[in-house]
Amino acid sequence: MTPLLIIDAANVVGSVPDGWWRDRFGATERLRDSLADLPATGVAGVRPPVDVVMVVEGKARGVESSDTVRVVPASTSGDGDDAIVGLVRTEGTDRTCYVVTADRGLKARVTELGAAVLGPSSVR
1 MTPLLIIDAA NVVGSVPDGW WRDRFGATER LRDSLADLPA TGVAGVRPPV
51 DVVMVVEGKA RGVESSDTVR VVPASTSGDG DDAIVGLVRT EGTDRTCYVV
101 TADRGLKARV TELGAAVLGP SSVR
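Structural data, given as structure tokens:
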């Protein structure tokens, strides 16, 4: 089965101090666009094909999916971490699942569920 790569968009965008805070929505769209080839190329240690899902929250919640990257908005009552944990539980149980984040708390939550964690530099 195709591996699942879940991207913590806020964490990855925030990992590079390039002025993203002035336009979170635009920075998240640029991240989504930069991930366009990942389903066909994979990332270090993850061979293609790969299903790529990017979780967005806050001001980036309106970013839409592209042809190759599915965007999942966090609910208005929850945060991105909860949405990512939910995806690992619902879509990552019958296949290899990777979460891209540097958030320590999120790392602990998803590894307890069997997901592997990659750092933001793996997709930047």
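First residue of the sequence shown: 1, per full-length UniProt numbering; consecutive thereafter.
For every residue, glycine included, the Cβ atom is placed at its ideal position computed from N, Cα and C.
For residue i, three-class secondary structure by DSSP
| i | result |
| --- | --- |
| arginine 95 | coil |
| alanine 116 | strand |
| arginine 70 | strand |
| leucine 5 | strand |
Short Cβ contact (8 Å threshold) for residue i with residue j
| i | j | result |
| --- | --- | --- |
| arginine 104 | serine 15 | no |
| phenylalanine 25 | glycine 80 | no |
| valine 88 | valine 69 | no |
| glycine 119 | alanine 102 | yes |
| aspartate 82 | alanine 74 | yes |
Alpha-carbon to alpha-carbon, residue j and residue i
| i | j | result |
| --- | --- | --- |
| alanine 44 | tryptophan 21 | 28 Å |
| arginine 30 | aspartate 18 | 12 Å |
| leucine 35 | proline 49 | 13 Å |
| threonine 93 | glycine 114 | 8 Å |
| valine 71 | alanine 116 | 20 Å |
| arginine 95 | methionine 1 | 6 Å |
| glutamate 91 | cysteine 97 | 8 Å |
| valine 12 | arginine 32 | 11 Å |
Legend entry - Sufficient close CB pairs (3 or more, under 8 Å) joining the segment 46-56 to the segment 5-20: Cβ pair count under 8 Å is three or more, so yes.
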